[in-house]
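Colleague:
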Amino acid sequence: MCANFCSLEEDIRQLEEAGIDYLHFDIMDGHFVPNFTMGPDILRMVRRITSLPFDTHLMIENPDRYIPIFVEAGSNLIFVHIEACIHINRTIQLIKKSGAKAGVALNPSTPLCRLDYVLEDVSAVLLMTVNPGFAGQKLVSGAISKIENMKRMIEDRKVKVDIEVDGNVSFANAPLMAKAGADILVCGTSSIFKPGLGIKEGVKKLTLTLSRL
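In terms of our numbering, the sequence shown opens at residue 0 and continues consecutively.
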């Protein structure tokens, strides 16, 4: 949601040249979150111009209806919100059956115990560190300690699950998140898409900042 849709292909080329690992797509339906973004046609278009893995974050109600469509459009990893799923295990299995890796996303106020019976079934957990729906928000209180607790939970359970963090991943916050246990950082307007900085410069600055840990 942070890329410039008027120059989307150019932004993607710059991201590729800068060496980023994933493209993260925010999918919003105006119901689960009070905003709209894009549909599967955008993913299909982008898939034609890049081979980068697609990390697709479904911030939508009734995600089961749309999971096969977004996998067909090019998604490699799909996150569904545990708050939006009545039968989360069934949804996870649907993602896998459709041909993608499965991930579960948690809103800032959702406790980690909601993952107790699904952690072994997913490839990644996405922790929202702002309330989902809009870019440019401030980090919620307790975000760093939640990442630390998630890391501890994964280690205690002896499972291989990546921790992805989304929300105010700024140049100041990113090192704190990585140190707390984040494996993947979703970067937006507070870092690599920071106005006036430039994508390549933003990625370079963030990489340098993280290398000092």
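Idealized CB from N, CA, C, for every residue including glycine.
#1: So P52 and L76 are in contact, right, with Cβ under 8 Å, and what is the actual spacing, rounded?
#2: Go to A123, then tell me how far its beta strand (DSSP E) extends in each direction, as first and last residue.
#3: Alpha carbons only, please: which of S140, A83, Y65 is nearest the one belonging to M37?
#4: Grouping DSSP H, G and I as helix and E and B as strand, with all else coil, what is F53?
#5: With burial defined as no fewer than 16 other Cβ atoms inside 10 Å of the residue's Cβ, what is the status of G110: buried or exposed?
#6: Once the 5 residues before and after C186 are set aside, which same chain residues still bring their CB inside 6 Å of it?
#7: Contact between the region 192–204 and the region 153–162 is defined here as three or more beta-carbon pairs at a separation below 8 Å; is this criterion met?
#8: Based on Cα-Cα distance, which residue from V129, V70, F133 lies nearest to I143?
#9: Report all residues from its chain with a CB closer than 6 Å to the CB of D182; omit the five preceding and five following residues, and keep chain order.
#10: Among all the DSSP beta bridges, which residues are the ones paired with L209?
Modeller: For this structure:
#1: Working through the sequence shown from its first residue, we reach residue 52 at position 53. Working through the sequence shown from its first residue, we reach residue 76 at position 77. Confirmed, about 7 Å.
#2: Here residue 123 refers to the residue found at position 124 when the sequence shown is read from its first residue. That run of the beta strand (DSSP E) goes 123–127.
#3: One-based indexing of the sequence shown puts residue 37 at position 38. The shortest C-alpha separation from M37 is found at Y65.
#4: In the sequence shown, the residue the question calls residue 53 occupies position 54. In the structure shown, F53 sits in a strand (DSSP, three-state: E or B).
#5: Numbered from 1 along the sequence shown, position 111 holds the residue referred to as residue 110. Reading off the sequence, residue 110 comes out as Pro, not Gly. Exposed, since its Cβ has fewer than 16 Cβ neighbours within 10 Å.
#6: Along the sequence shown, read from residue 1 onward, the residue named residue 186 stands at position 187. Correct list, in chain order: V168.
#7: no
#8: Against the sequence shown, residue 143 aligns to sequence position 144. When only C-alpha atoms are compared, the closest one is V129.
#9: For the purposes of this step, residue 182 is taken as the residue at position 183 of the sequence shown. The residues are D161, I162.
#10: For the purposes of this step, residue 209 is taken as the residue at position 210 of the sequence shown. For L209, which the question treats as bridged, DSSP gives no partner whatsoever.
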